[in-house]
Every structure is written in C-alpha cells, then in structure tokens.
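In my numbering, the protein residues as written are 1 to 186.
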C-alpha cells in the first residue's frame, strides 16, 4: 500500500495550517509547509524579496524545495501551500502519483470568510507579516482566484487521485476538522 500524500489547498485564512498541524499531531504525518520554508529564508534572498511583494515563487525554485522536503519525510505526508499553480499541480501528480495515494483536500470558503480570518489572525498577533498590509492581502487573494483556482479545478478531474471539496466556513474549527479527518480517512 502506498503512503498518503495530502494536498491541503485553499485561499488565505481557510485553515490549511491549522488542520495540517492537527493531522500531524494526531496521525504522525510528515509535514511540508512550503510557506514556513520560504518565510525562513534570509530576508535579503531573491525568493524572500519575491514573497515580500506578495508574488508567487517561481515554479523551478519551488520544485527543488518541495522535492527536497518530501525526500526528508517517510510515510504519509501533508503538503500545506503547494501546489498553487497549474504547472505545480501537474508536476506533483506527474512526479508523485506512482509513489503516493494522493488526496486533494480543497478547503472551500467564501472570500469574505478568508478576509475575516486574516483580520482575526492580525488581531490575535499571529499570522504572516504581510497579513497586515491590505494591498498585499488583496494581491494574494486575487492571485488565489486567478492562479490557484485553475490548479484546483484541474486537480478536481485529474486521474489517479482523490479530490474532496470541503466547506470549512463553519466558525467551529472542530466541525471543520471532522470534515477534513473524514476526507483523509476515506
């Protein structure tokens, strides 16, 4: 039996990190959080400057980062924040569908919920440094709809994987986590 690869996808503030950390704690998944890897880069690096502008890191750079991070895991793995583009989605399926039982978990919420959750993260002192800049948040959300949604739509019908479109707009994180857990176990 192949190990599972869970692709947690969705816009900003949908709970990808929250649900990933809960699955890791409960089930022992390997965890590849591309955002954390990228945010840990030195601020003067080329990639850190791209991120600071609210832009996406070039695919070639991400492929190297993600492949290296996956290679450091064993067994089941969760990818949080990857793929974000159609090319990345195609790359992950092409390179890993023979090695993993891939399950795409699309955490689906309206944009108004994403914005409210980002604002809540700021109020609670958490979140990303660029969450506090409304123009960057808007650029990230526009990028999600323009760039990431086509990848999600492609994955919805990609052969050899399981796709779950989950409404996680409930204010109760436990209700949302139960939905994610069910999809992971399916």
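Note that beta-carbon positions come from the ideal geometry of N, C-alpha and C, so glycine has one too. Please read all numbers here as calculations on a predicted model, not as lab measurements.
- Separation of residue 97 and residue 87 (C-alpha to C-alpha, rounded to the nearest whole angstrom) is 15 angstroms.
- Here residue 118 carries a helix assignment [DSSP, helix/strand/coil].
- Secondary structure at residue 84: coil, using DSSP grouped into helix, strand and coil.
- Unbroken alpha helix (DSSP H) stretches of 4 residues or longer found wholly inside the stretch 31-105: 34-39, 46-52, 59-71 and 86-96, given in chain order.
- Here residue 66 is buried: its Cβ has 16 or more other Cβ atoms, across all protein chains shown, within 10 Å.
- Residues 103 of the same chain have their beta carbon placed closer than 6 angstroms to that of residue 162, with the five preceding and five following residues left out of the count.
- In the DSSP assignment, residue 172 forms no beta bridge with any residue.
- Fewer than three pairs of CB atoms, one per stretch, sit closer than 8 angstroms, so the stretch 43-63 makes no contact with the stretch 3-14.
- Looking at 34, 22, 108 and 142, the one whose alpha-carbon comes closest to that of residue 57 is 34.
- Bounds of the alpha helix (DSSP H) holding residue 27 are 16-27.
- By alpha-carbon distance to residue 77, the top candidate from 114, 110, 25 and 52 is 25.
- Taking every protein chain shown into account, the CB of residue 145 has fewer than 16 other CB atoms within 10 angstroms, so this residue is exposed.
- A distance below 8 angstroms between beta-carbons, with the five flanking residues on each side excluded, links residue 182 to no residue of its chain.
- Taking every protein chain shown into account, the CB of residue 176 has 16 or more other CB atoms within 10 angstroms, so this residue is buried.
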